[in-house]
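In the working numbering, the protein residues as written are 95 to 257. All residues carry an ideal CB built from backbone N, CA and C; glycine is no exception. Presented below is the structure to which this report refers.
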């Protein structure tokens, strides 16, 4: 089965003071099917919407430890969800997560903001996902491993419940 997707990002407010961020994923899958002597390629489409307002974020993060500001959450979320990055976005996201400035981030630090995106995305699920991608992580990620994770589409997989 072949898989393609597109992501649309809509930001309400400005990057200095975001009120709401909206991501829409459209996932297309193609599957070859055979019925008797007929071969055909079926195309299926699914749409996933994620909308996060500042007010929702503050409510959902009330009981979480080591909560990021909404602005920092957005700075991490953008490359995470989009699966790519511009300029220094990914480096900035990594530095925000690397709170102790060790040059690595722990799976726990990365996992701290996942429940905001998907309540079922736990740190344990993240560890299993990372192993599945053959990223050799000893409960920490270097910048290059983090970059690899982003480029392999972890954000899409979390939103679409593939993790």
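Just how far apart, CA to CA, sit residue i and residue j?
| i | j | result |
| --- | --- | --- |
| residue 163 | residue 205 | 16 Å |
| residue 146 | residue 185 | 23 Å |
| residue 194 | residue 200 | 10 Å |
| residue 240 | residue 134 | 39 Å |
| residue 261 | residue 149 | Beyond the ends of the chain as shown, which are 95 and 257, falls residue 261; an answer cannot be given. |
| residue 115 | residue 130 | 48 Å |
| residue 214 | residue 112 | 25 Å |
| residue 179 | residue 120 | 19 Å |
| residue 143 | residue 128 | 33 Å |
| residue 165 | residue 132 | 53 Å |
| residue 176 | residue 202 | 22 Å |
| residue 136 | residue 251 | 22 Å |
Are the CB atoms of residue j and residue i within a distance shorter than 9 Å?
| i | j | result |
| --- | --- | --- |
| residue 198 | residue 235 | yes |
| residue 237 | residue 188 | yes |
| residue 141 | residue 117 | no |
| residue 190 | residue 223 | no |
| residue 233 | residue 246 | no |
| residue 171 | residue 211 | yes |
Quick one: what's residue i bridged to in DSSP?
| i | result |
| --- | --- |
| residue 125 | 136 |
| residue 55 | Any question about residue 55 goes unanswered here, given that the chain covers just 95 to 257. |
| residue 98 | 122 |
| residue 114 | 106 and 147 |
| residue 235 | 199 |
| residue 141 | 120 |
Please classify residue i as buried or exposed, where buried requires at least 16 neighbouring CB atoms within 10 angstroms.
| i | result |
| --- | --- |
| residue 124 | exposed |
| residue 122 | exposed |
| residue 169 | buried |
| residue 196 | exposed |
| residue 105 | exposed |
| residue 153 | exposed |
| residue 155 | buried |
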